Amino acid sequence: MELKRASLIHKKQRRNPLTEGLRRQGLFLCAFWHMGRKSPVCFLCMCPALMRLFGLAIMMTVLMSLAGCGPSLQSKMTTSAASIQWDYQRLSEYLADVPGIRKLQRWDEHKDGLHIETDHYHIKTTLADPLMLRQVPAFVESAYKAYQSQLPDQVNDSEKFETYLFGQRAEWEAFTQHFTGSDAEVYLQIRRGAYALNSVCVAYNIGRKQTFSILGHEGWHQFVQRHFRYRLPSWLDEGVATLFETCQFNQGVFEFRPQDNLLRLGTLKQALQQGHMIPLWNLITMNPGQAMAGYGSNESAIMTFYAQNYALVRFLREYNYGQRLREYHNLLLGGLRGSWQVEAGLAEAAANRKVPLTAAWNHQISIQLFQTYITGDAAQFEAQYRQFCNEIVYSVRLVK
Ligand SMILES: [Zn+2]
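Oh and the sequence shown: position 236 is 331 in our numbering, straight run, nothing missing.
See the structure below:
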């Protein structure tokens with residue numbers, strides 16, 4: 096496996112009003128944002144299925160080049176999108192020959208907006224950057240195929256997803272205020288980012304790479320919210336979502352490349368070097384809110400939590416040429432179809448999205464699922480997982 100050499104700069108986690116506010120309100124929130132002056136980048140993921148349960152915020156400083164999609168067309172206009180004059184005629188002409196667009200029209204409800212229809216998405220956008228707009232249809236459709244590829248059977252889908260992609264934060268705020276109702280106050284605390292709610296993804300432009308990165312991550316939650324009969328435990332849902340944070344654009348399609356996710360790899364390497372790895376049984380039963388509170392002496396446990404779940408899902412998919420892939424598929428298929436062999440009460444809670452999940456549910460169902468679908472020999476599994484973690488970070492270089 097070929098890994099790019101990476102340089103990661105980790106800065107000390109700082110107390111942040113957003114983090115504190117969200118923790119006080121006990122909401123589930125996973126957030127990534129840049130704190131550095133040179134790379135003011137962040138994205139944030141809200142998982143509403145669990146949001147009433149957990150409190151979570153993640154702070155991580157990484158080089159801008161580590162997040163998002165790999166080298167491809169780079170719009171010279173992304174950083175100055177705010178200054179681009181929206182022009183329907185010009186944009187529609189520019190997008191006329193874009194493969195994958197099934198229908199293009201004005202967005203009725205929004206002045207200066209486009210409604211782009213692809214095979215599986217209604218994209219409603221006020222984005223004015225033409226080069227980025229040209230890539231969005233291919234990106235969401237590539238992501239859709241990648242989500243489907245996690246499952247051994249295709250999900251039949253006649254209803255298209257709705258994705259809102261605003262050009263400006265103010266537009267995103269106005270929409271969020273209306274869309275999230277009584278929860279708006281919390282969502283609006285997102286400084287830079289996006290969320291998925293009721294199978295709808297709501298994002299705004301935070302730069303090309305980061306926007307695509309979060310659209311890929313949130314798109315998985317959107318897919319699960321629509322298609323899966325059961326809600327997934329934290330480790331699995333977030334671990335799979337990280338697979339779609341990095342990609343490469345090549346000849347009109349996006350190829351998702353989790354092996355290039357240097358944010359996760361760098362965090363994993365740091366945890367290994369510093370002895371901050373979360374033991375497997377703690378990892379799979381932990382929810383993001385618990386991770387945010389720290390683990391042992393690791394104040395950045397929330398980042399470790401995500402990095403280890405990223406590695407855990409990759410382990411299940413890749414270890415020993417796919418030795419455990421069938422276990423991974425069976426676990427996801429059970430969630431998709433609502434056929435997990437777990438206690439009835441746990442299954443009912445997983446299926447009923449009107450019922451808030453609890454930390455106890457996340458803990459118990461993770462243990463039962465792991466023992467039923469993955470392994471009963473945790474010690475051997477953990478040894479193999481650790482070995483895999485060391486292998487995938489071998490060529491990653493941390494820079495202090
Ligand atoms: Zn997420």
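The beta carbon of each residue, even a glycine, is placed where N, CA and C say it ideally should be.
Since this is a predicted model, take the numbers as computed values, not measurements.
Any heavy atom of ligand 1 within a distance shorter than 6 Å of the CB on residue i?
i: E333; result: yes
i: A336; result: yes
Confirm, please, whether the CB-CB distance from residue j to residue i is below 7 Å.
i: D207; j: W181; result: yes
i: L246; j: L426; result: no
i: A336; j: W315; result: yes
i: N393; j: A454; result: no
i: A279; j: Q272; result: yes
i: I462; j: L441; result: no
i: K304; j: V488; result: no
i: Y216; j: T275; result: no
i: R352; j: Q346; result: no
Contact check, residue i vs residue j under 8 Å by CB: the rounded distance?
i: F339; j: G311; result: 3 Å
i: P225; j: Y189; result: 5 Å
i: L375; j: E486; result: In fact, because the Cβ distance is near 17 Å, the residues do not count as touching under 8 Å.
i: L407; j: W330; result: 7 Å
i: R197; j: Y183; result: No, R197 and Y183 are not in contact; Cβ-Cβ is about 18 Å, not under 8 Å.
i: N404; j: G334; result: 3 Å
i: T221; j: G195; result: About 20 Å; that fails the 8 Å criterion.
i: R324; j: G433; result: 3 Å
i: A386; j: I397; result: 4 Å
i: F349; j: S237; result: 4 Å
i: A439; j: T399; result: In fact, because the Cβ distance is near 34 Å, the residues do not count as touching under 8 Å.
i: F256; j: S308; result: Between S308 and F256 the Cβ distance is about 18 Å, and since that is not below 8 Å, they are no contact.
Helix, strand or coil: how does DSSP classify residue i here?
i: Y390; result: strand
i: I211; result: strand
i: Y489; result: coil
i: R201; result: strand
i: V497; result: The question about residue 497 has no answer, for the chain in this structure spans 96 to 495.
i: S167; result: Low per-residue confidence applies at S167: pLDDT is 33, beneath 50, and the placement is therefore not dependable, though the value from the model is reported in the following sentence. S167 falls in the coil class under three-state DSSP.
i: T341; result: coil
i: T467; result: helix
i: H217; result: strand
i: V559; result: Nothing can be reported for residue 559, as the shown portion of the chain is limited to 96 through 495.
i: F123; result: Note that F123 has pLDDT 41, beneath the 50 cutoff, so the model's placement of it is unreliable and the number below is only indicative. Coil.
i: L222; result: coil
i: G131; result: At G131 the pLDDT is 30, less than 50, meaning the model places this residue with poor confidence; the figure from the coordinates comes in the next sentence. If DSSP states are grouped into helix, strand and coil, G131 belongs with coil.
How about residue i: is its C-beta nearer than 7 Å to some C-beta of chain C?
i: L222; result: The structure shown contains no chain C; it is built from a single protein chain.
query = Do three or more CB pairs link the segment 409 to 422 to the segment 445 to 456 at distances below 8 Å?
reply = The segment 409 to 422, when compared against the segment 445 to 456, does not touch it at the 8 Å Cβ threshold.
Inter-stretch contact at 8 Å, needing at least 3 Cβ pairs: the segment 462 to 471 / the segment 349 to 369 = With fewer than three CB-CB distances shorter than 8 Å, the segment 462 to 471 does not count as touching the segment 349 to 369.
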